[in-house]
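Chains as they are written, first to last, in the working numbering: chain A, 49 to 122; chain B, 25 to 312.
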């Protein structure tokens, strides 16, 4: 193995048209802490151990809102 | 074509002391106005300058299509002549680093930063995608010249570009990003954030009958007079800057293009994976 490796194997991943954007939330400090605690508690209820590895607030909020108010509400 | 060796006229320390300063033509001992290759006394390439290389219609395609990327910004750091922490309206010091306000834009792609934590298209590329595409012949032309004139540097850069997720590479080139500057007299600085094994690619578009604006490598006392359709490949990891413009009236224009590969773009994941990463980094279960 060379000390400095200059060879970068060709990246053959297909093109992906995902565009990332964000939606900001505003809280008091107290409510931010409450929000995070409730999200964490909710994730533990809704997701299994494996799913918790990649669980995050963005997906969780969408999941909860969709589950309760979305068109595909169960 | 002339091959010229340049002795250092400033020590490293003297060069360093010039950083962030605007300097003038008194630092030019040799002004390059024709095709030339410049080397230091150890045989390291400092620059390759070629006149009348870029067809004017291709240059104009770059100018016309990329000009809307230009806006007033404080993000150009040392090149703007100042870099430090922002002072808030209440007098307190923010953690955000800023430079002086200059007119500049970014075309192509960016890696994650302290402010935006994912790899992405630049705002211009996203908003004016048709213009971005219309300007690509200009980028491809510069890329071809880079390959022809600086093959060792080019091959290393092309290799890393090919190893990068293609969502972040300007198609069929070794570049991820083009910085576009308008009437920007740069202070003495070294480029940062570009691929350290690559070489700087510079093109200038001018309108009006004005003088000055020479590109300088002050440590070597060399100035280069870049005019329309010229191209300069230069070691931008040495201190460099521009001299001031003379007889520069309101209808004068100087647009400079710097084409490069951003140093950490090879770490960028596919956009869908960048999205998952940023969602977990910023609001993942294990961070709550």
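Every residue, glycine too, gets a C-beta built ideally from N, C-alpha and C.
Computed from a prediction, not measured in an experiment: that's the story for all the values here.
With 16 other CB atoms within 10 Å as the buried threshold, where does residue i fall?
i: residue 298 (chain B); result: buried
i: residue 215 (chain B); result: buried
i: residue 157 (chain B); result: exposed
i: residue 142 (chain B); result: buried
i: residue 194 (chain B); result: buried
i: residue 169 (chain B); result: buried
i: residue 58 (chain A); result: exposed
i: residue 80 (chain B); result: exposed
i: residue 139 (chain B); result: exposed
i: residue 295 (chain B); result: buried
i: residue 55 (chain A); result: exposed
i: residue 198 (chain B); result: buried
i: residue 150 (chain B); result: exposed
i: residue 7 (chain B); result: This structure cannot speak to residue 7 (chain B), because chain B is shown only from 25 to 312.
Quick check on DSSP: helix, strand or coil for residue i?
i: residue 251 (chain B); result: coil
i: residue 83 (chain A); result: helix
i: residue 96 (chain A); result: coil
i: residue 282 (chain B); result: strand
i: residue 257 (chain B); result: strand
i: residue 236 (chain B); result: strand
i: residue 49 (chain A); result: At residue 49 (chain A), the pLDDT of 44 sits below 50, so the modelled position is not reliable; the number obtained from the coordinates is stated separately. Of the three classes helix, strand and coil, the one that applies to residue 49 (chain A) here is coil, per DSSP.
i: residue 167 (chain B); result: helix
i: residue 108 (chain A); result: helix
i: residue 184 (chain B); result: helix
i: residue 64 (chain A); result: coil
i: residue 264 (chain B); result: strand
i: residue 77 (chain A); result: helix
i: residue 113 (chain A); result: helix
i: residue 160 (chain B); result: helix
i: residue 310 (chain B); result: helix
i: residue 173 (chain B); result: helix
For the beta strand (DSSP E) holding residue i, just list the boundary residues, first then last.
i: residue 225 (chain B); result: 224–231
i: residue 206 (chain B); result: 201–206
i: residue 29 (chain B); result: 26–30
i: residue 355 (chain B); result: Residue 355 (chain B) cannot be examined here, being either before or after the span of chain B that is shown, 25 to 312.
i: residue 56 (chain B); result: 54–56
Look at the alpha carbon of residue i and the alpha carbon of residue j, and state the distance between them as a whole number of angstroms.
i: residue 273 (chain B); j: residue 237 (chain B); result: 14 Å
i: residue 25 (chain B); j: residue 223 (chain B); result: 20 Å
i: residue 105 (chain A); j: residue 124 (chain B); result: 37 Å
i: residue 114 (chain A); j: residue 81 (chain A); result: 23 Å
i: residue 69 (chain B); j: residue 208 (chain B); result: 26 Å
i: residue 249 (chain B); j: residue 34 (chain B); result: 21 Å
i: residue 99 (chain A); j: residue 68 (chain A); result: 22 Å
i: residue 49 (chain B); j: residue 267 (chain B); result: 6 Å
i: residue 102 (chain B); j: residue 45 (chain B); result: 9 Å
i: residue 110 (chain B); j: residue 122 (chain B); result: 6 Å
i: residue 232 (chain B); j: residue 41 (chain B); result: 34 Å
i: residue 229 (chain B); j: residue 277 (chain B); result: 8 Å
Can you give me the start and stop residues for the alpha helix (DSSP H) that residue i sits inside?
i: residue 299 (chain B); result: 295–307
i: residue 42 (chain B); result: 36–42
Segments assigned alpha helix (DSSP H), at least 4 residues, entirely inside the stretch 66–153 of chain B: 80–90, 147–151
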